[in-house]
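In this note's numbering, the protein residues as written are 14 to 251. Heads up: the structure comes next, in structure tokens.
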């Protein structure tokens with residue numbers, strides 16, 4: 014090494030990732046379909062109507078009616094730089110949605126966000142599988158980094174991110190003004206180096222052998238993903 018040479022990072026052989034196409038992603042519990050307001054809109058509203066708390070930490074205010082809900086969702090669905098999925102049960106019922114955003118193929122970075130899961134989907138294996146399918150697709154497209162960002166006050170989102178294997182990266186203070194209020198943003202991420210171990214953890218958790226006859230898990234996903242994380246949220250149990 015040349016004396017006093019400063020570190021500049023390792024050389025990366027990377028030719029870029031592929032922008033997501035919105036192709037259908039199918040699992041054991043759910044099918045993710047590219048959002049189509051005509052096909053999914055009414056069903057999503059049926060699941061989310063009068064559930065104002067779902068919008069507490071989103072950028073939008075709770076919609077007053079179906080027309081307002083569809084108008085807001087269409088803004089996200091029509092963005093050329095985002096890619097949105099309706100989360101559908103295997104019978105076709107749409108019960109939530111999630112988006113890829115901040116997609117930068119040249120750098121191999123992509124974020125999952127604008128997540129809105131109805132009460133019917135929350136805290137179910139189907140919800141976990143939906144997140145797994147989006148992770149799996151993101152890394153299959155060649156991304157190096159998969160991000161999760163949320164309002165720092167959104168404790169359930171931070172708990173979910175850590176359970177899913179995202180590593181803590183910190184808080185961006187005074188990041189946004191949302192609905193007239195300050196928003197500090199919690200940042201978490203996983204990388205392609207961590208993905209093989211996380212992928213194995215999800216396969217173990219989602220396997221039928223991991224659930225008893227009553228549907229209770231035998232191993233917690235948090236315990237399976239914990240060894241894969243490089244840093245933990247200081248406000249969440251390890």
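Backbone N, C-alpha and C fix where the C-beta goes; we use that ideal spot for every residue, glycine too.
Are the beta-carbon atoms belonging to residue i and residue j less than 8 Å from one another?
{"i": "residue 228", "j": "residue 200", "result": "no"}
{"i": "residue 107", "j": "residue 188", "result": "no"}
{"i": "residue 246", "j": "residue 181", "result": "yes"}
{"i": "residue 253", "j": "residue 45", "result": "The question about residue 253 has no answer, for the chain in this structure spans 14 to 251."}
{"i": "residue 110", "j": "residue 129", "result": "yes"}
{"i": "residue 27", "j": "residue 118", "result": "no"}
{"i": "residue 214", "j": "residue 237", "result": "yes"}
{"i": "residue 43", "j": "residue 174", "result": "no"}
{"i": "residue 121", "j": "residue 29", "result": "yes"}
{"i": "residue 71", "j": "residue 50", "result": "no"}
{"i": "residue 156", "j": "residue 205", "result": "yes"}
{"i": "residue 9", "j": "residue 73", "result": "Nothing about residue 9 can be reported from this structure: the residues present for the chain run from 14 to 251 only."}
{"i": "residue 178", "j": "residue 136", "result": "no"}
In its own chain, which residues sit with a C-beta less than 6 Å from the C-beta of residue i, not counting the 5 before and 5 after it?
{"i": "residue 176", "result": "234 and 235"}
{"i": "residue 75", "result": "65 and 68"}
{"i": "residue 40", "result": "142 and 146"}
{"i": "residue 96", "result": "33, 35 and 113"}
{"i": "residue 164", "result": "70 and 196"}
{"i": "residue 115", "result": "124"}
Counting along the chain, where does the beta strand (DSSP E) carrying residue i start and finish?
{"i": "residue 197", "result": "194-204"}
{"i": "residue 164", "result": "158-164"}
{"i": "residue 44", "result": "43-47"}
{"i": "residue 129", "result": "122-130"}
{"i": "residue 108", "result": "107-117"}
Go through its chain and collect everything with a Cβ distance to residue i's Cβ below 7 Å, but skip five positions before and after it.
{"i": "residue 185", "result": "197, 198 and 200"}
{"i": "residue 239", "result": "251"}
{"i": "residue 195", "result": "187"}
{"i": "residue 191", "result": "72"}
{"i": "residue 211", "result": "178, 203, 238 and 241"}
{"i": "residue 62", "result": "none"}
Apart from the five residues on each side of it in sequence, which residues of its chain come closer than 8 Å, Cβ to Cβ, to residue i?
{"i": "residue 55", "result": "79"}
{"i": "residue 223", "result": "217, 230, 231 and 232"}
{"i": "residue 248", "result": "168 and 171"}
Could you work out which residue in the options is closest to residue i when comparing CA atoms only?
{"i": "residue 221", "options": "98, 210 and 231", "result": "231"}
{"i": "residue 103", "options": "113, 240 and 38", "result": "38"}
{"i": "residue 124", "options": "162, 132 and 105", "result": "162"}
{"i": "residue 105", "options": "62, 87 and 48", "result": "48"}
{"i": "residue 132", "options": "164, 57, 87 and 166", "result": "57"}
{"i": "residue 148", "options": "62, 81, 216 and 164", "result": "216"}
So is residue i buried or exposed if we call it buried at 16+ other beta carbons inside 10 Å?
{"i": "residue 153", "result": "exposed"}
{"i": "residue 13", "result": "Here the chain has residues from 14 to 251 only, and residue 13 is not among them."}
{"i": "residue 91", "result": "exposed"}
{"i": "residue 170", "result": "buried"}
{"i": "residue 138", "result": "buried"}
{"i": "residue 193", "result": "exposed"}
{"i": "residue 77", "result": "exposed"}
{"i": "residue 140", "result": "buried"}
{"i": "residue 244", "result": "exposed"}
{"i": "residue 100", "result": "buried"}
{"i": "residue 207", "result": "buried"}
Output the boundary residues of the alpha helix (DSSP H) element that contains residue i.
{"i": "residue 188", "result": "No alpha helix (DSSP H) contains residue 188, which is instead part of the beta strand (DSSP E) from 180-191."}
{"i": "residue 102", "result": "Here residue 102 belongs to no alpha helix (DSSP H); instead the beta strand (DSSP E) covers 96-102."}
{"i": "residue 222", "result": "Counting along the chain, residue 222 falls outside any alpha helix (DSSP H), and DSSP gives it neither H nor E."}
{"i": "residue 236", "result": "234-238"}
{"i": "residue 51", "result": "50-61"}
{"i": "residue 141", "result": "138-153"}
{"i": "residue 242", "result": "Note, residue 242: premise wrong, no alpha helix (DSSP H); not H, not E."}
{"i": "residue 249", "result": "Neither: residue 249 is in no alpha helix (DSSP H) and is coded neither H nor E."}
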